[in-house]
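At the far end of the sequence shown sits residue 128, using the working numbering, and the numbering has no gaps.
Where is the CB? At the ideal position from N, CA and C, for every residue including glycine.
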Amino acid sequence: MIGLCLGLAGVVWAQLPLSSFTLAWNHTIEKIRWEEDYRVTEQGLVLGEARVRGNGAGMEIPDDAFLRNGSWHYRRQLSPLQPLKLGRTPEAGDYQLCFEDRCQAMSTWVGAPDARQPGIELWACERH
Numbered sequence: 001m002i003g004l005c006l007g008l009a010g011v012v013w014a015q016l017p018l019s020s021f022t023l024a025w026n027h028t029i030e031k032i033r034w035e036e037d038y039r040v041t042e043q044g045l046v047l048g049e050a051r052v053r054g055n056g057a058g059m060e061i062p063d064d065a066f067l068r069n070g071s072w073h074y075r076r077q078l079s080p081l082q083p084l085k086l087g088r089t090p091e092a093g094d095y096q097l098c099f100e101d102r103c104q105a106m107s108t109w110v111g112a113p114d115a116r117q118p119g120i121e122l123w124a125c126e127r128h
């Protein structure tokens, strides 16, 4: 079975038995929430719908986005990401992983963001 791995350079720090999840975070300057829905496939992480609750510095809303329930919704056509590379520092705050109707800080599985290790990768992997 396939799942979601979190780590760096192919080294697994945590493995979650997920087939889909939402990655959420707050923009570091504007403090506006972003959310991206992913499916975990053998080819990698497939981005579905994305949402943002506003716009501001470096946060352009795509032309085809539509407003629903206070968020702009849109889709990007990207190849599966394998891995999805994320910057992660104490100053920026933590990402959240949302699944099964709950959101939890990424630090739940991999510890708090650390300036000495300012990145993390997410990828589809075989569950052990």
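Name, in chain order, the residues that DSSP records as bridge partners for residue i.
i    : result
V12  : G7
G119 : G87
D114 : Q117
Under the three-state reduction of DSSP, which class applies to residue i: helix, strand or coil?
i    : result
T41  : strand
T22  : strand
E126 : strand
A92  : helix
E49  : strand
I29  : coil
I61  : coil
E162 : This structure leaves residue 162 out entirely; the chain is present only between 1 and 128.
Where does the unbroken alpha helix (DSSP H) through residue i begin, and where does it stop?
i    : result
S79  : Careful: S79 lies outside any alpha helix (DSSP H) and carries neither H nor E.
T108 : 107 to 110
Starting from residue i, trace the beta strand (DSSP E) both ways and give me its first and last residue.
i   : result
H73 : 71 to 75
Q | Sufficient close CB pairs (3 or more, under 8 Å) joining the segment 116 to 124 to the segment 79 to 86 | A | yes
Q | Inter-stretch contact at 8 Å, needing at least 3 Cβ pairs: the segment 111 to 118 / the segment 85 to 101 | A | yes
(Q) Quick check: the segment 59 to 76 against the segment 35 to 49, are at least 3 beta-carbon pairs closer than 8 Å? (A) yes
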